[in-house]
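Asks: In this note's numbering, the protein residues as written are 1013 to 1154.
Starting off with a structure, shown below.
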Amino acid sequence: MFAALASPVRREVLRLLRDTGPRPVNELAAHFDMARPSFSEHLRVLREADLVSETRAGRQRLYRLEATALFEVREWLHPFERFWRDKLGGLRDLLDEMDDHDNDNNDNNDDDDHVGGAKGDSDVGDVNETHEVDGDDDTREP
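Structure below.
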């Protein structure tokens, strides 16, 4: 399943079918600059992953999005989404805290002639700063 979703071409085919409904092979292929056998291979991979189905209507082959398999992927990915949302929330909080710290230091600087303050003053801190986000140490060097 994930191998089928790994290709940008196949993801675009799924998007087209989602947005426009069932489409003949020729209409789908017209969106891509590739040889027809290559495009047919992409459709085969999508069929084998049960992401699309093929029906014949006269001489045309119509492809339809089969969303059931995508719901299964969504359910599997849901815990990872929560994990990354929590991690990114922690990063946002850290960046907000750092921004507030920088703003406080800039507000305390009364000398408008020197952007960095008096000679020798520095609000940058040590060369190596360590910040902890959810138990992970992040050592930064300027």
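Here a beta-carbon is modelled for each residue, glycine too, at the ideal position from N, C-alpha and C.
For P1036, does the three-state DSSP call read helix, strand or coil?
Replies: Under the three-state reduction of DSSP output, P1036 falls in the strand class.
Asks: Report the CB separation of Y1075 from L1029 in whole angstroms; it is logged as a contact under 8 angstroms.
Replies: With 8 angstroms as the limit, Y1075 and L1029 qualify as a contact, their Cβ atoms being about 6 angstroms apart.
Asks: Report yes or no: do three or more beta-carbon pairs, one from the region 1039-1054 and one from the region 1079-1096, lie closer than 8 angstroms?
Replies: no
Asks: Quick check on the DSSP output: the alpha helix (DSSP H) that includes A1069 runs from which residue to which?
Replies: Unbroken run through A1069 is the beta strand (DSSP E), V1064 to A1069; no alpha helix (DSSP H).
Asks: Buried or exposed, going by whether 16 or more other CB atoms sit within 10 Å of the CB of H1054?
Replies: buried
Asks: Exposed or buried, what is L1077 when buried is set at 16 or more other beta-carbons lying within 10 Å of its beta-carbon?
Replies: buried
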